[in-house]
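Take a look at the structure below.
Residue numbers (the working numbering): 33 to 391.
Okay, structure coming up:
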């Protein structure tokens with residue numbers, strides 16, 4: 033594969049995924065600057081070329097530089113990737129949206145964050161909120177990037193598939209060409225709504241999968257068959273909400289954006305949401321909390337960020353808005369909100385799936 037021309041790239045968010053992508057792009061010869069919220073994280077990347085807080089054991093190229101200044105990471109860039117957790121994304125983008133660097137000659141913007149956001153009193157897709165916060169020329173031009181892509185494997189050069197989705201076909205292809213390499217296989221899509229719903233809800237299903245996975249160690253009632261039942265029913269829920277939220281291509285849900293990302297998020301040892309679900313059972317993680325609001329307020333101290341916690345609250349509300357039955361997503365919300373016993377709720381979810389014909 034021929035070497036691409038060097039681009040100036042900014043990444044807002046030095047979590048595992050933002051750091052991994054920055055590493056890969058810098059190794060390809062691009063000039064990459066990454067924004068870190070924590071000063072010690074920026075210092076570690078610049079001085080020691082590691083990000084041991086979010087991507088342990090990975091050596092970063094000297095070409096990847098870190099900063100704590102938002103204006104600096106946006107200035108004079110060809111591409112800008114947004115990689116902060118969805119819970120904080122609107123506030124961060126609100127800060128950069130007023131910068132003169134985002135003029136019509138400003139960077140093309142790709143979104144890596146997974147989830148849904150509360151904006152204007154509604155639960156909306158990430159790109160819908162961002163288009164309102166950014167200058168008008170970004171309307172219908174943002175690119176959403178997703179797929180089964182654990183940062184730990186991307187950073188180590190494992191072959192990975194991604195989806196580059198945008199209402200602008202030209203921009204979807206532009207990011208596809210930027211990211212495609214021997215180890216990153218990138219496909220373009222126009223179904224920006226469907227891809228985002230897949231990315232948000234797979235994290236909720238993964239929490240349920242983690243709970244079930246832990247319960248299978250304590251009970252002979254659950255096994256591989258049960259987990260596959262949960263995955264299939266979870267994919268059904270993702271598709272139901274996706275179509276209600278404006279997905280345009282049913283095949284999105286059977287692509288790597290849907291079934292591919294769902295499978296790796298649920299089954300991989302790197303899955304933070306799966307881990308969170310397991311810890312609900314094995315470590316009684318929820319016991320100190322009175323409900324989901326307290327859990328969300330404390331996510332920064334848990335040590336990792338399971339996006340499915342926030343997404344479960346939003347999925348429950350969207351199910352009510354659209355008149356949908358989403359037993360797994362709504363059950364995960366009830367568990368995290370301390371409304372039900374986790375083991376009993378799993379039994380209830382499986383029973384509902386049977387009565388509803390799989391969800």
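Where a beta carbon is used, it is the ideal one built from N, C-alpha and C, also for glycine.
Open item on the list: Please report the straight-line C-alpha distance between residue 337 and residue 344, rounded to a whole angstrom.
Closed with: 14 Å
- [ ] May I ask you to report which of helix, strand or coil DSSP gives residue 49?
- [x] helix
Task: Through-space distance from residue 252 to residue 159, alpha-carbon basis - done: Taken atom to atom, the span from the alpha-carbon of residue 159 to that of residue 252 is near 43 Å.
Open item on the list: Please state the DSSP three-state secondary structure of residue 42.
Closed with: strand
Open item on the list: Pop quiz: residue 280 and residue 225 are said to be a contact at Cβ under 8 Å. What is the actual Cβ separation, rounded to whole angstroms?
Closed with: With a Cβ gap of about 7 Å, residue 280 and residue 225 count as contacting.
- [ ] Please name the residue in 104, 362, 55 whose C-alpha comes closest to that of residue 266.
- [x] 362
Open item on the list: If you follow the beta strand (DSSP E) that residue 288 is in, where does it begin and where does it stop?
Closed with: Residue 288 -> no beta strand (DSSP E), and no H or E assigned at all.
Task: Beta-carbon spacing of residue 374, residue 367 below 7 Å - done: Yes, these two residues count as a Cβ contact at 7 Å.
Open item on the list: If we require 4 or more residues per run, which alpha helix (DSSP H) segments fall completely within the stretch 156-222?
Closed with: Fully enclosed alpha helix (DSSP H) runs of 4 or longer: 158-165, 183-186, 201-211.
Task: Terminal residues of the beta strand (DSSP E) in which residue 149 lies - done: 148-151
TODO: Decide if residue 272 is buried, meaning its Cβ has at least 16 other Cβ atoms within 10 Å, or exposed.
DONE: buried
Task: Helix, strand or coil at residue 109 according to DSSP, with G and I counted as helix - done: coil
TODO: Select from 185, 86, 170, 141 the residue whose C-alpha is nearest the C-alpha of residue 177.
DONE: 141
TODO: Assuming residue 217 contacts residue 193 (C-beta within less than 8 Å), just tell me the rounded distance between them.
DONE: 5 Å
TODO: Count the CB pairs spanning the stretch 222-237 and the stretch 328-336 that are closer than 8 Å, and state whether there are at least three.
DONE: No, the stretch 222-237 does not touch the stretch 328-336.
- [ ] Please state if the CB of residue 131 and the CB of residue 167 are separated by a distance shorter than 7 Å.
- [x] no
Open item on the list: Rounding to the nearest angstrom, what Cα-Cα distance links residue 34 and residue 59 in this structure?
Closed with: Reliability fails at residue 34, whose pLDDT of 45 lies under 50, so the model's placement of it is uncertain and the value that follows must be treated cautiously. Computed Cα separation, rounded: 14 Å.
TODO: Assess, as a yes-or-no matter, whether the stretch 293-313 is touched by the stretch 230-247 under the definition of 3 or more beta carbon pairs within less than 8 Å.
DONE: Contact holds: three or more Cβ-Cβ distances are below 8 Å.
- [ ] Using alpha carbons as the reference points, say which of 53, 238, 57 lies closest to residue 306.
- [x] Looking at the Cα atoms, 238 is the closest of the given residues.
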